[in-house]
Amino acid sequence: KEEKKIKNLIKSLTKKEKKKILLLFIIFIFVGIFFIAFEQSAGLLILYAKNNTNRNFLNINIPASWFQGFNPFFVIILAPIISIFWMKMSKRKKNISAIQKIAIGNIIMGLSFLFMIIASLQRKYEFPEESPMYWLIITYLFQTIGELCLSPVSMAFVTKLSPKRITSIIMGFYYS
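Here the sequence shown is numbered in my numbering, starting from 15 and rising by one per residue.
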């Protein structure tokens, strides 16, 4: 019964709607790549913090799990700044499309991992026991900037581009 509904829905889509949906699924691939990397902060980066980072700050050993707090902290601080930046770019007639912003978010996410490469190399050659925690903090900073470039823009883009009668279904795909 559900398969029949889905088939009828697909048949009822116009060519223009099908092209929009195809573009959305291409965007989903890039958003998915971003969030695969972004979710490493909850696992891989915490393990790195726990096992390979000097977490001593003012003679207090900071728990590795506390590094998870940097993302929300940076979101609160940077969201207005990035929003103002996009508005100023728009006023200067230097509009950056949603697709470009999604690409920028992915590039910034990729750059965030370069800091972890530097941390690992520095640990290998300069600090054999543990790398400094600032590398993790910078990584979280760049991941947050990437998130703020990509996440709100991609959600708005999906909502705008989706055929109105199936926007909720498309948003379901976005979140899955």
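All residues carry an ideal CB built from backbone N, CA and C; glycine is no exception.
Here's the rule I'm using: 16 or more other beta-carbon atoms within 10 Å means buried, otherwise exposed. How should residue i be labelled?
| i | result |
| --- | --- |
| ARG179 | exposed |
| TYR62 | buried |
| GLN54 | buried |
| GLY57 | exposed |
| ARG106 | exposed |
| LEU135 | exposed |
| TYR148 | exposed |
| LEU23 | exposed |
| LYS21 | exposed |
Indicate whether residue i and residue j have their beta-carbon atoms separated by less than 9 Å.
| i | j | result |
| --- | --- | --- |
| PHE87 | TYR188 | no |
| MET171 | ALA117 | The displayed chain sequence assigns Phe, not Met, to residue 171. No, the Cβ-Cβ distance between PHE171 and ALA117 is not below 9 Å. |
| PHE84 | LEU125 | no |
| LEU175 | LEU38 | yes |
| PHE81 | ILE50 | no |
| LEU36 | ALA93 | no |
| ASN75 | ARG137 | no |
| GLU140 | ASN68 | no |
| PHE119 | LEU150 | Inspection of the sequence shows that residue 119 is occupied by Gly rather than by Phe. Against a cut-off of 9 Å, the Cβ pair of LEU150 and GLY119 comes out as no contact. |
Answer yes or no: does any C-beta atom of chain B fall closer than 9 Å to that of residue i?
| i | result |
| --- | --- |
| MET130 | Protein chain content of the structure displayed is limited to a single chain, and chain B is not contained in it. |
Alpha carbon to alpha carbon, how far is residue i from residue j?
| i | j | result |
| --- | --- | --- |
| LYS34 | PHE99 | 28 Å |
| ILE132 | GLY186 | 38 Å |
| THR173 | LEU128 | 33 Å |
| ARG153 | ILE96 | Position check: residue 153 holds Thr in this sequence, whereas Arg was assumed. When rounded, the distance between both Cα atoms is 17 Å. |
| ILE91 | LYS25 | 46 Å |
| LYS19 | MET101 | 42 Å |
| ILE184 | ASN70 | 46 Å |
Grab me the residues of residue i's own chain with a C-beta within less than 6 Å of its C-beta, minus the 5 sequence neighbours each way, in chain order.
| i | result |
| --- | --- |
| VAL45 | SER168 |
Who are the Cβ neighbours of residue i in its own chain at under 8 Å, not counting the five residues just before and after it?
| i | result |
| --- | --- |
| MET103 | ASN109, ILE110 |
For residue i, which residues of its own chain have a beta-carbon under 7 Å away from its beta-carbon, when the five flanking residues on both sides are left out?
| i | result |
| --- | --- |
| MET123 | PHE48, ALA51, PHE52, GLN157, GLY160 |
| THR181 | THR173 |
Report the residue ranges of all alpha helix (DSSP H) runs contained in full by the region 86-160; include only those spanning at least 4 residues, in chain order. Within the region 86-160, the alpha helix (DSSP H) runs of at least 4 residues that lie entirely inside it are, in chain order, 112-139.
Which runs of the alpha helix (DSSP H), 4 residues or longer, sit entirely within the region 15-65? Fully enclosed alpha helix (DSSP H) runs of no fewer than 4 residues occupy 16-26, 29-52 of the region 15-65, in order along the chain.
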